[in-house]
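Right, one structure below, let's go through it.
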Amino acid sequence: MAATSCAHAAWPDQNALRPAGIQAVRIASLWHWTLLVCALVFAAVLAALALALWRRAPAGAAAPMEDDRPLPPDPRRERRASRVTRTATAASVVVLAGLIVADVLTDRALSRLPVTDALRIEMTGHQWWWDVRYPADGAGGDGGFATANELHVPVGRAVIVSLKAADVIHTFWAPNLHGKKDMIPGRDATIAFRVDKPGRYRGQCAEYCGLEHALMAFVVVAEPQAQFDAWVAQQRRPAVDAPSSFAQAGQRVFVAGACATCHTVRGTPASGTLGPDLTHVMSRSMLAGGTFPNDRAHLARWLRTPGALKPGTTMPPSTLSPMEQQAVIAWLETLR
């Protein structure tokens, strides 16, 4: 519990008990009712145990036998014990049946989210990052685009996320918004939710998927429709021309080297698909699957020695000279 408290301090908006959508509200309500029922049952069991330990034998009760002869039967005590057993069994059945009914009703309510005019997003889990795509017919207009590890959604509008796994089993989980959804290679899955409160909500892979499973996170940014539309319009644009000769040199190094074989930057010849789309990489808040903040210092360390920051990552260490690395970083910083 102490460890989870530390995690809460780092990311307060990854908490199933702070729901930000109607479905998460239902899940949290079920959790609270289950906790209350279990607490009452636990208290009743402790009370019965205390009563059994402290109750004295009635006056005139037979003394314990000193040899191996069995105690004589006590019909009154046996009848009382039988009544207690039947009552406890019946109460257990009623309590468990009630929890099952509550669970089924909650599950049905979760599946009844109105999805008329829903925003559609495609999300693919990789070891250990998230490919996020807004198809042309899903974001409300022409021109689909891709980003990574960050979903932007409008407040109050239903969202349908198509989920796929590219390598091993992953699980989509944004606890403030909905429950978990498994992503199995070769099978398509969907999850629908609606965010009713603006904010940033952290999600993560909830199925062990390899060495860096713990560092496979994403962020859901819920914002008013106007801000979302502005973000979509900005994401659809290709990369801007480098404003300085140093950044232009970095672009040439990026396009001519190994970077372009794995990454796409729209508006340039770089069209790799093994890694995240970097067209607007600096518009994102986190790098490397939610591992660390997206700033110049972390970007430089990630470019230089990615394996030191995220062991097991498929991104190889840089073979560029220090000057070339600085030029590439200068260009990447313009991709906003």
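Those letters in the sequence shown? Residues 1 to 336, per UniProt numbering, in order.
Backbone N, C-alpha and C fix where the C-beta goes; we use that ideal spot for every residue, glycine too.
Just so we're clear, the structure is a prediction, and the values are computed from it rather than from any experiment.
- Task: Please specify which runs of the alpha helix (DSSP H), each continuous and at least 4 residues long, are wholly inside the stretch 243 to 284, giving them in chain order.
- Result: 245 to 256 and 259 to 262
- Item | Straight-line Cα distance separating Val232 from Gly21 | 22 Å
- Query: In terms of DSSP beta bridges, what is Pro154 paired with?
  - Reply: Glu223
- Query: When you compare only the Cα positions, how much space is there between Met282 and Trp331?
  - Reply: Take the alpha-carbon of Met282 and the one of Trp331: they are about 10 Å apart.
- What alpha helix (DSSP H) runs, 4 residues minimum, are completely inside the stretch 6 to 54? List check, alpha helix (DSSP H) in window: 22 to 54.
- Task: Could you pull out every residue in the same chain whose Cβ sits closer than 7 Å to the Cβ of Arg26, ignoring the five residues on either side in sequence?
- Result: Spatial neighbours of Arg26 in its own chain (CB-CB distance under 7 Å, excluding positions within 5 residues in sequence) are listed in chain order as Thr106, Ala109 and Leu110.
- Query: Can you name the residues that DSSP bridges to Thr147?
  - Reply: Val132
- Item | DSSP bridge partner residues for His126 (one or two, in chain order) | Its beta-bridge partners are Trp129.
- DSSP state of Leu95 mapped onto helix, strand, coil: According to the sequence displayed, residue 95 carries Val and not Leu. Of the three classes helix, strand and coil, the one that applies to Val95 here is helix, per DSSP.
- Task: State the DSSP-derived secondary structure class of Asp74, mapped to helix, strand or coil.
- Result: coil
- When His280, Arg252 and Leu215 are compared against Ala239, the one with the closest alpha-carbon: His280
- Gly140, DSSP secondary structure in three states: With a pLDDT of 49 at Gly140, under the threshold of 50, the predicted position of this residue should be treated as unreliable, though the coordinate-derived value follows. Note: Gly140 maps to coil in three-state DSSP.
- Pro311 (DSSP reduced to helix, strand or coil): coil
- Message: Pop quiz: residue 337 and Val132 are said to be a contact at Cβ under 8 Å. What is the actual Cβ separation, rounded to whole angstroms?
- Response: In the structure as shown, the chain starts at 1 and stops at 336, and residue 337 therefore has no counterpart that could be examined.
- What are the residues that DSSP puts in a beta bridge with Trp173? According to DSSP, which records beta bridges pairwise, Trp173 is partnered with Lys180 and Gln204.
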